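Student: Numbering (my numbering), first residue to last: 14 to 332.
Okay, structure coming up:
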């Protein structure tokens, strides 16, 4: 693999070659704004720690190197906590700036201009998030509920493009629907689409509406990152999908666009303000997904491409 640059983790920048196996789209603890104060689902820091540490330790024992936390501003991001977890478990954690979607942005940000948002993102990437000293390694954007980008979503996407160009970090999206609008914005801003990972192309709600092969043909990367949210679960979420159907979709995609594909589980180590999905963790990658790929005849070089090489190329800072 060619020599790569560095990636921002919560404990400082590291060479991209040291990322190892990457879970490209996960959550330490995700919730809607204010949900951490909901007494029905409220957990003490000790309870959250007790839920999360074993999952990250198991991830590390399986051979996992890096956990990309895709929790945006206003959704429970806690970078000092991430630093503690990384030091405790040996897992590199990459934090993000940006928003899961405009509908999760608190009013302060919802009224903000593109310039203000871009300045916020750049600050968190180059100076640090709050007083933590930790720099974001990726920018999160997303399509709000309803399936079409709102005016606020479009401002966030445009600001993210400007911040990506200014800093060299990539963008990952929540949902890959309405990609035409997103790609038009990135083109207007002059951002190469290989710096964008269009996520959740495989979920049970939006897969049929997602133009995954078209996105790849335009140059974008495509995330099959809801692996494990299966209809076979005891209590599946509304975005679940039959295990075999999702796997077959992924196999068809990597047969044509391996260089554009990334995979993850989008699991929540310790959910905030909601019960989460029982029986689903980041370790689905090792316990189920990689064995399923091997059983389907996918070779080790391709598995390394999907979980080591493609993520490293994507995450590296490209100034």
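Glycine included, C-beta positions come from ideal geometry on N, C-alpha and C.
Computed from a predicted structure; not experimentally measured.
What did DSSP end up calling residue 134 once you bin it into helix, strand or coil?
Tutor: If you number the chain shown from 1, residue 134 lands on position 121. Helix.
Student: Measuring only the C-alpha atoms, how far is residue 129 from residue 236?
Tutor: By 1-based counting over the chain shown, the position of residue 129 is 116. By 1-based counting over the chain shown, the position of residue 236 is 223. So the alpha carbons of these two residues sit roughly 28 angstroms apart.
Student: What residue from 150, 21, 156 and 213 has the CA that sits closest to residue 184's CA?
Tutor: Start at 1 with the first residue of the chain shown, and residue 184 comes out as number 171. The candidate whose alpha carbon is nearest that of residue 184 is 150.
Student: Hey, residue 285 and residue 114: beta-carbon distance below 7 angstroms or not?
Tutor: Here residue 285 corresponds to residue number 272 of the chain shown, with the count starting at 1. Here residue 114 corresponds to residue number 101 of the chain shown, with the count starting at 1. The answer is no: Cβ separation not under 7 angstroms.
Student: Is it the case that the segment 283–300 contacts the segment 53–69, given that we only count it when at least three CB pairs across the two stretches are under 8 angstroms?
Tutor: A contact exists between the segment 53–69 and the segment 283–300.
Student: Would you list, in sequence order, the uninterrupted beta strand (DSSP E) runs of no fewer than 3 residues that lie entirely inside the segment 26–109?
Tutor: The qualifying runs are 34–39, 77–82 and 105–107.
Student: When DSSP builds the beta bridges, which residues end up paired with residue 186?
Tutor: As a working note, residue 186 is residue 173 in the chain shown. Partner(s): 154 and 211.
Student: Residue 234 by DSSP, collapsed to three states: which one?
Tutor: On the chain shown, residue 234 is found 221 positions in, with the first residue counted as 1. Strand, per DSSP.
Student: At what residue ranges does the segment 231–302 contain a whole run of the alpha helix (DSSP H), taking only runs of 4 or more?
Tutor: Counting whole runs of 4 or more residues, the segment 231–302 contains the alpha helix (DSSP H) stretches 256–270.
Student: Using the Cα positions of residue 58 and residue 24, report the straight-line distance between them to the nearest angstrom.
Tutor: For the purposes of this step, residue 58 is taken as the residue at position 45 of the chain shown. For the purposes of this step, residue 24 is taken as the residue at position 11 of the chain shown. Approximately 20 angstroms between the Cα atoms of the pair.
Student: Could you tell me whether the segment 223–237 touches the segment 187–196, using the rule of 3 or more Cβ pairs below 8 angstroms?
Tutor: In short, these stretches touch, since the Cβ pair count reaches three.
Student: Just confirm the distance between the C-beta atoms of residue 19 and residue 329, as a whole number of angstroms; I'd bet it's less than 8 angstroms.
Tutor: Position 6 of the chain shown, counted from the first residue, corresponds to residue 19. Position 316 of the chain shown, counted from the first residue, corresponds to residue 329. Contact holds; Cβ gap of about 7 angstroms.
Student: Residue 223 to residue 212, Cα distance in whole Å?
Tutor: Working through the chain shown from its first residue, we reach residue 223 at position 210. Working through the chain shown from its first residue, we reach residue 212 at position 199. The straight-line gap from Cα to Cα measures roughly 10 angstroms.
Student: With a Cβ-Cβ cutoff of 7 angstroms, do residue 163 and residue 105 count as a contact?
Tutor: Taking the chain shown and counting its residues from 1, one reaches residue 163 at position 150. Taking the chain shown and counting its residues from 1, one reaches residue 105 at position 92. Not in contact: residue 163 and residue 105 (Cβ atoms no closer than 7 angstroms).
Student: Which residue's Cα is closest to the Cα of residue 261: 139, 308 and 112?
Tutor: Counted from its first residue, the chain shown places residue 261 at position 248. Per the Cα distances, 308.
Student: Cutting at 8 angstroms between CB atoms, please list the residues of its own chain near residue 119, excluding the five before and the five after it.
Tutor: Numbered from its first residue, the chain shown carries residue 119 at position 106. Once the five neighbours on either side are set aside, the close Cβ partners of residue 119 are 46 and 87.
Student: My output table needs one value for residue 111: the three-state DSSP class, helix, strand or coil.
Tutor: Within the chain shown, residue 111 is the residue found at index 98, counting from 1. Of the three classes helix, strand and coil, the one that applies to residue 111 here is strand, per DSSP.
Student: If you reduce the DSSP assignment to three classes, tell me which class residue 321 lands in.
Tutor: Indexing the chain shown from 1 puts residue 321 at position 308. Residue 321: helix per DSSP, three-state reduction.
Student: When the Cα atoms are used, what is the spatial distance from residue 103 to residue 65?
Tutor: On the chain shown, residue 103 is found 90 positions in, with the first residue counted as 1. On the chain shown, residue 65 is found 52 positions in, with the first residue counted as 1. Taking the straight line joining both Cα atoms gives about 13 angstroms.
Student: Do you know offhand how far residue 256's Cα is from residue 241's?
Tutor: For the purposes of this step, residue 256 is taken as the residue at position 243 of the chain shown. For the purposes of this step, residue 241 is taken as the residue at position 228 of the chain shown. In a straight line, the C-alpha of residue 256 is about 7 angstroms away from that of residue 241.
Student: Just tell me which of 225, 148 and 248 has its CA closest to the CA of residue 91.
Tutor: By one-based count along the chain shown, residue 91 stands at place 78. Here the closest residue by C-alpha is 148.
Student: Considering only residues of the same chain and omitting the five flanking positions on each side of residue 168, which have a CB-CB separation below 6 angstroms?
Tutor: For this step, residue 168 is matched to residue 155 along the chain shown. Here the set comprises 127.
Student: Are the Cβ atoms of residue 321 and residue 72 separated by less than 7 angstroms?
Tutor: On the chain shown, residue 321 is found 308 positions in, with the first residue counted as 1. On the chain shown, residue 72 is found 59 positions in, with the first residue counted as 1. No, the pair does not count as a contact, with Cβ atoms beyond the cut-off.
Student: Which residue marks the beginning of the alpha helix (DSSP H) containing residue 194, and which one marks its end?
Tutor: Along the chain shown, one-based indexing puts residue 194 at 181. Note, residue 194: alpha helix (DSSP H), 192–202.
Student: By Cβ distance below 6 angstroms, which residues in the same chain neighbour residue 9 in space, the five residues on each side in sequence not counted?
Tutor: Nothing about residue 9 can be read from this structure; the chain reaches only from 14 to 332.
Student: Do you know how far the Cα of residue 35 is from the Cα of residue 299?
Tutor: What you label residue 299 is simply residue 286 of the chain shown in a count that begins at 1. What you label residue 35 is simply residue 22 of the chain shown in a count that begins at 1. If I take the Cα positions, the gap works out to 11 angstroms.
Student: So residue 22 is in the alpha helix (DSSP H); what residue range does that whole segment cover?
Tutor: Counting from 1 along the chain shown, the entry for residue 22 is found at position 9. Looking at the DSSP string, residue 22 is not in any alpha helix (DSSP H); the run it does join, the beta strand (DSSP E), is 19–22.
Student: Of the choices 276, 270, 297 and 209, whose alpha-carbon is the least far from that of residue 282?
Tutor: Position 269 of the chain shown, counting from 1, holds the residue named residue 282. Minimum Cα distance to residue 282 is reached at 297.
Student: Given this structure, state the Cα-to-Cα distance separating residue 245 from residue 152, to the nearest angstrom.
Tutor: Locating residue 245 in the chain shown gives position 232, where the first residue counts as 1. Locating residue 152 in the chain shown gives position 139, where the first residue counts as 1. Computed Cα separation, rounded: 32 angstroms.
Student: By Cβ distance, which residues of its chain are closer than 7 angstroms to residue 95, with the 5 residues on each side in sequence left out?
Tutor: Position 82 of the chain shown, counted from the start, is the residue given in the question as residue 95. The residues are 23, 41, 82, 106 and 108.
Student: Where does residue 220 land, buried or exposed, given buried means 16+ other C-beta within 10 angstroms?
Tutor: In the chain shown, counting from the first residue as 1, residue 220 sits at position 207. Residue 220 is buried by the Cβ-count criterion.
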